[in-house]
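Report on the following structure.
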Amino acid sequence: MQQARATLGKYTWVKTIARACRAAVATLRKKAKQFKGGLEFLALRYLMQVPSQNVRHVILRKCFGLLIDPTSVIYMGTEIRSPSRIRIGANSSIGHNCVLDGRGGLEIGKCVNLSSEVMLWTMQHNPQSPVFDVKVAAIVVEDYAWLSARAIILPGVTIGEGAVVAAGAVVTKPVEPYVIVAGIPAHPIGERPRNLSYRLGTDDSIWFV
Ligand SMILES: CC(C)(COP(=O)(O)OP(=O)(O)OC[C@H]1O[C@@H](n2cnc3c(N)ncnc32)[C@H](O)[C@@H]1OP(=O)(O)O)[C@@H](O)C(=O)NCCC(=O)NCCS
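Each step along the sequence shown adds one to the number in our numbering, with nothing skipped, and position 95 is 102.
Next up, the structure:
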């Protein structure tokens, strides 16, 4: 037994090297993931400045895995994260300079309107966590919802069918269908009729913006 221990003791340097190698591989993997994420971010930034909706949408679908119906439009300047986790239904319109964060999963229905600079965030940090943990939760925007300019939607929120979020509102909780909300935090200020029948997207957009 003693002899076996002595033999093992001789090889502690092997264990130390093995541990160091494992740590190096883990760091390299993390760096490679960050590098890939950085490249995707940069590529999407440049892509969203290309003045052609068709070019942008084809590349978003084929190269980045974003599921967007051909009748919907994403206008220039929008920031897209984790596009392969985003789905956009028919006849919807995503305005200029919005943020679509797919990291926690993002589903946008039919005939939805996002005005300019709307932010949909599906990831956040846990302020109570000593290590700044990350929390993700999906956002769902149902058919005919309208999110007005500069509205911010937080992780885990569902915006009900036909609901309206007023300009500059911060939505922290689910919004019931056909309700209009405003303010910070968003609260109901009115209702909307239920006979909505319009279409957005490519029907009323100009191809180069
Ligand atoms: C959502 C919106 C359409 C609501 O319009 P509305 O139903 O006519 O509402 P009202 O103007 O009657 O306002 C009702 C109440 O909500 C308040 N309110 C309206 N918009 C608000 C907002 N963005 N933030 C905070 N409060 C708001 C009003 O002050 C009013 O309060 P009061 O009853 O105490 O006076 C409008 O407020 C809005 O945000 N428009 C977006 C504009 C925009 O983004 N345009 C660009 C894309 S097209």
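Beta carbons: idealized from backbone N, C-alpha and C, even for Gly.
Note that the coordinates shown come from a computational prediction; the quantities given were computed from them, not determined experimentally.
Cβ-based burial, residue i [other Cβ within 10 Å; buried from 16]
| i | result |
| --- | --- |
| aspartate 256 | Outside the shown range of the chain, which is 8 to 216, sits residue 256, and nothing can be said about it. |
| proline 162 | buried |
| glycine 44 | exposed |
| leucine 67 | buried |
| tyrosine 18 | exposed |
| glutamine 9 | exposed |
| leucine 46 | exposed |
| leucine 49 | exposed |
| asparagine 120 | buried |
| arginine 63 | buried |
| proline 137 | exposed |
| isoleucine 146 | buried |
| isoleucine 24 | exposed |
| cysteine 118 | buried |
| proline 90 | buried |
| isoleucine 187 | buried |
Distance between beta carbons of residue j and residue i, contact taken as under 8 Å
| i | j | result |
| --- | --- | --- |
| alanine 170 | tyrosine 185 | 6 Å |
| threonine 78 | isoleucine 101 | The pair is not a contact, with the Cβ atoms about 13 Å apart (cut-off 8 Å). |
| threonine 209 | valine 80 | 6 Å |
| arginine 92 | glycine 112 | 5 Å |
| asparagine 98 | arginine 199 | Going by Cβ atoms, the distance from asparagine 98 to arginine 199 rounds to 18 Å, so no, they are not a contact pair. |
| glycine 116 | valine 148 | 6 Å |
| aspartate 76 | isoleucine 95 | 6 Å |
| valine 227 | isoleucine 166 | Because the chain here runs from 8 to 216, residue 227 falls outside it and cannot be looked at. |
Residue nearest to residue i in terms of C-alpha spacing, selected from the options
| i | options | result |
| --- | --- | --- |
| glycine 175 | Ile187, Ser155, Tyr18 | Ser155 |
| alanine 189 | Leu203, Ile159, Ser204 | Ile159 |
| tryptophan 128 | Pro134, Glu183, Val143 | Val143 |
| tryptophan 153 | Asp140, Met126, Met55 | Met126 |
| tyrosine 6 | Gly72, Asn61, Lys69, Ala33 | Any question about residue 6 goes unanswered here, given that the chain covers just 8 to 216. |
| serine 122 | Ala145, His132, Asn104 | Asn104 |
| histidine 132 | Arg110, Asp150, Gln56, Leu54 | Arg110 |
| tyrosine 151 | Val57, Arg26, Thr34, Leu203 | Leu203 |
| arginine 157 | Met130, Val141, Lys69, Glu124 | Glu124 |
| leucine 51 | Leu73, Ala31, Val21 | Leu73 |
| proline 168 | Arg201, Val106, Phe139 | The identity of residue 168 in the sequence shown is glutamate, whereas the question assumes proline. Of Arg201, Val106, Phe139, the residue nearest in Cα terms is Arg201. |
Could you tell me whether the stretch 189-209 touches the stretch 32-46, where touching means 3 or more Cβ pairs closer than 8 Å? no
At what residue ranges does the stretch 123-182 contain a whole run of the beta strand (DSSP E), taking only runs of 3 or more? 130-132, 141-143, 146-148
Hey, which unbroken runs of the beta strand (DSSP E) at 3 residues or more fall wholly within the stretch 13-100? 86-88, 93-95
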